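**Student:** Protein chains in written order, with my numbering: chain L, 1 to 199; chain E, 1 to 199. Where a beta carbon is used, it is the ideal one built from N, C-alpha and C, also for glycine. Keep in mind that this is a model prediction, so the values were computed, not measured.
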DNA sequence: CGACAGATTGTGGATATCCACAATTAATCC
DNA sequence: GGATTAATTGTGGATATCCACAATCTGTCG
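1. My understanding is that residue 121 of chain L touches residue 76 of chain L, with C-beta atoms under 8 Å, so please give their C-beta distance in whole angstroms.
2. Can you round the beta-carbon distance between residue 27 of chain L and residue 51 of chain L to whole angstroms, since I take them to be within the 8 Å contact cut?
3. Chain L partners of residue 164 of chain E, CB-CB under 9 Å?
4. Residues bridged to residue 261 of chain L by DSSP?
5. Write down the C-beta distance between residue 29 of chain L and residue 7 of chain L rounded to the nearest angstrom, noting that I regard them as a contact closer than 8 Å.
6. Would you identify the three-state DSSP class for residue 185 of chain L, choosing helix, strand or coil?
7. Please list, in chain order, the residues of the segment 66–79 of chain E that have any C-beta partner in chain L closer than 7 Å.
8. Comparing C-alpha positions only, which one of L:105, L:95 and L:89 sits nearest to residue 69 of chain L?
9. Can you tell me the Cα-Cα spacing of residue 134 of chain E and residue 156 of chain E, whole angstroms?
10. List the residues of chain E that residue 89 of chain L touches, going by C-beta distances under 7 Å, in chain order.
11. Which chain E residues sit within Cβ distance under 7 Å of residue 193 of chain L?
12. Measure the beta-carbon distance from residue 152 of chain E to residue 188 of chain E and round it to whole angstroms, keeping in mind my assumption that it falls under 8 Å.
13. 9 Å is my cut-off, CB to CB: does residue 177 of chain E come that close to chain L?
14. Express the C-alpha separation of residue 178 of chain L and residue 142 of chain L in angstroms, rounding to a whole number.
15. What are the uninterrupted segments assigned as beta strand (DSSP E) that are 3 or more residues long and contained completely in the segment 66–137 of chain E, given in chain order?
16. What separation, rounded to the nearest whole angstrom, lies between the Cα atoms of residue 32 of chain E and residue 41 of chain E?
17. Is DSSP giving residue 153 of chain L helix, strand or coil here?
18. Between E:124, E:195, E:130 and E:111, which lies nearest to residue 150 of chain E when the distance is taken from Cα to Cα?
19. Would you mind telling me which residues of chain E sit closer than 8 Å to residue 127 of chain L, beta carbon to beta carbon, in chain order?
20. Taking 9 Å as the CB-CB cut-off, is residue 100 of chain L touching chain E?
21. Name, going along the chain, the residues of the segment 139–156 of chain L whose beta-carbon falls closer than 9 Å to a beta-carbon of chain E.
22. Under three-state DSSP, which class holds residue 57 of chain E?
23. Let me check you understand the geometry: is the CB of residue 17 of chain E closer than 8 Å to at least one non-hydrogen atom of the ligand SAM?
24. Below 8 Å on the Cβ atoms is my contact criterion, and I expect residue 54 of chain L with residue 117 of chain L to pass it. Report the Cβ-Cβ distance as a whole number of Å.
25. Taking residue 105 of chain E as the reference, give the member of E:34, E:164, E:83 and E:131 with the closest Cα.
26. At the 9 Å Cβ level, is residue 95 of chain L part of the contact set with chain E, yes or no?
27. Please list, in chain order, all residues of the same chain as residue 44 of chain L whose beta carbon is under 7 Å from its beta carbon, the five residues on each side excluded.
28. So, is the C-beta of residue 189 of chain L closer than 9 Å to a C-beta in chain E?
29. Over the uninterrupted alpha helix (DSSP H) stretch that includes residue 45 of chain E, give me the two end residues.
30. Indicate whether residue 3 of chain E and residue 48 of chain E have their beta-carbon atoms separated by less than 9 Å.
31. Would you mind stating whether residue 64 of chain L and residue 38 of chain L have Cβ atoms separated by less than 9 Å?
32. For residue 136 of chain E, which of E:170, E:184 and E:11 has the nearest alpha-carbon?
33. In the DSSP assignment, find the alpha helix (DSSP H) that holds residue 167 of chain L and state where it starts and stops.
34. If you reduce the DSSP assignment to three classes, tell me which class residue 18 of chain E lands in.
35. Closer than 7 Å, Cβ to any Cβ of chain L: which residues of the segment 106–117 of chain E, in chain order?
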């Protein structure tokens, strides 16, 4: 529930105006005067979205965006610019920016975009969280259990699995029961569906 | 393998130049002098991509794009424009356009975009085809078989399924065997994985 | 009415899975 | 050396699934 609009712009007047606008619509807003200060003050745990001016002293908005991409951060980014051109906008969007807005902008339009971006982030964090939970369960499996799981997901009988792994059927049964327990499923079908949620 | 670049532009000089460029790189190219003539001459079976000028007499490129979206056609679209602005580009890309290129453009760049678009279309058509094949198999199921399938995918035992549907276990077994046969799977796990490919 | 498809059920046997009870071996950690 | 963890195997019984052989009932189509 820690969702917050992060606003990076080197123009104090714009920071104040936008900050006021967003807060008047019930959005929590954190401002930063530069890309560097954002990188210093933000951690990936803080969700929401990023309102990013392009032309700034120091690191530009586009550079900051690239940094976040490389880091693997998936915070939705809305670019704000007074001097954007078409290739720049196209490039940003194709790289995954959420939106690209020219100043001056319509207040209501912007707020709507921000709300959409925050909603997207909420959704992405939910799926990422369930994916993390799945991964942590997978890590708790022993290597043998993982091998057995793969063969189960290949639709093979315990008998066949035992043959392929050169162990007894009984051992396969034990591994099977243990990994089902660790993964929190009751049947092979549930396991299969769990695995296909993120793959 | 019917993949073709479709070029819609009302300027004959551009049509000729681009057509020549694309064909010199081994791409088959079909030109149209207007959005209307494209709609009249193209069918969804013909894959590839669409190079679309925005400003044209009659229906504009953007209007044609909207038409294709409404129809559900997923042909990758590359917009070409000499008078594009940022909001227009942003809007087009957010609606799913593949790219948005300003004239004059670099020949190599454009050819690369076209190749990427054609590749995307090839991929999309492949997944759409496997999805169609799955759907046609689903349609061959009787309503009872579909009910049983749902419960199987919920990870339930035949016994439980029989209870819920108020029929005997033997009947469930029969439906189960029949639907596995029709869906082309041998186990519940395979069925589960088949269903999760497109969902 | 006869043909056909879909849904239904039964019997019985071969296979598979599920699981409690019980135990051995090997490697690692403290 | 003792504790822990992972991997391994066995027995035996309760459940489930798989499947061939067989049959009844209903509704639709021509």
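**Tutor:** On the basis of the supplied data:
1. Contact annotation, residue 121 of chain L with residue 76 of chain L: C-beta distance approximately 5 Å; criterion of less than 8 Å satisfied.
2. Their Cβ separation, rounded to whole angstroms, is 10 Å, which puts residue 27 of chain L and residue 51 of chain L out of contact at 8 Å.
3. Result: empty, since nearest Cβ-Cβ is about 16 Å, beyond 9 Å.
4. Residue 261 of chain L falls outside the range modelled here, since chain L spans only 1 to 199, and no answer is possible.
5. Indeed, because the Cβ distance is near 6 Å, the residues count as touching under 8 Å.
6. If DSSP states are grouped into helix, strand and coil, residue 185 of chain L belongs with coil.
7. Flagged: no residues at all.
8. Minimum Cα distance to residue 69 of chain L is reached at L:95.
9. Their Cα atoms are separated by approximately 23 Å.
10. By Cβ distance, chain E contributes 86, 89 and 90.
11. Annotation: Cβ neighbours of residue 193 of chain L in chain E (cutoff 7 Å, chain order): 192 and 196.
12. Indeed they touch by this definition, with Cβ atoms about 5 Å apart.
13. Under the 9 Å criterion on CB atoms, residue 177 of chain E is classed as non-interfacial with respect to chain L.
14. Here the alpha carbon of residue 142 of chain L sits roughly 10 Å from the alpha carbon of residue 178 of chain L.
15. Listed in chain order, they are 77–81 and 99–102.
16. For residue 32 of chain E and residue 41 of chain E, the distance between alpha carbons rounds to 9 Å.
17. Note: residue 153 of chain L maps to helix in three-state DSSP.
18. Taking the Cα of residue 150 of chain E as reference, the smallest distance to any Cα among E:124, E:195, E:130 and E:111 is reached at E:195.
19. Close partners of residue 127 of chain L in chain E (Cβ separation under 8 Å) are lacking, with about 15 Å as the shortest Cβ gap.
20. Residue 100 of chain L counts as touching chain E.
21. Listed by position along the chain: 152, 153, 154, 155 and 156.
22. Under the three-state reduction of DSSP, residue 57 of chain E is assigned to coil, being neither helix nor strand.
23. This structure does not include the ligand SAM; it has no bound ligands of any sort.
24. Going by Cβ atoms, the distance from residue 54 of chain L to residue 117 of chain L rounds to 17 Å, so no, they are not a contact pair.
25. Ranking E:34, E:164, E:83 and E:131 by Cα distance to residue 105 of chain E puts E:83 first.
26. Not an interface residue.
27. Excluding positions up to five away in sequence, the list reads 73.
28. Taking Cβ atoms only, chain E reaches closer than 9 Å to residue 189 of chain L, which makes this a yes.
29. Where residue 45 of chain E is concerned, there is no enclosing alpha helix (DSSP H), given that its DSSP letter is neither H nor E.
30. Residue 3 of chain E places its beta carbon less than 9 Å from that of residue 48 of chain E.
31. Going by C-beta atoms, residue 64 of chain L is nearer than 9 Å to residue 38 of chain L.
32. Out of E:170, E:184 and E:11, E:184 has the C-alpha closest to the C-alpha of residue 136 of chain E.
33. That residue, residue 167 of chain L, is in no alpha helix (DSSP H); it is neither H nor E in DSSP.
34. Helix.
35. For the segment 106–117 of chain E, which is checked against every Cβ of chain L, not one residue is closer than 7 Å.
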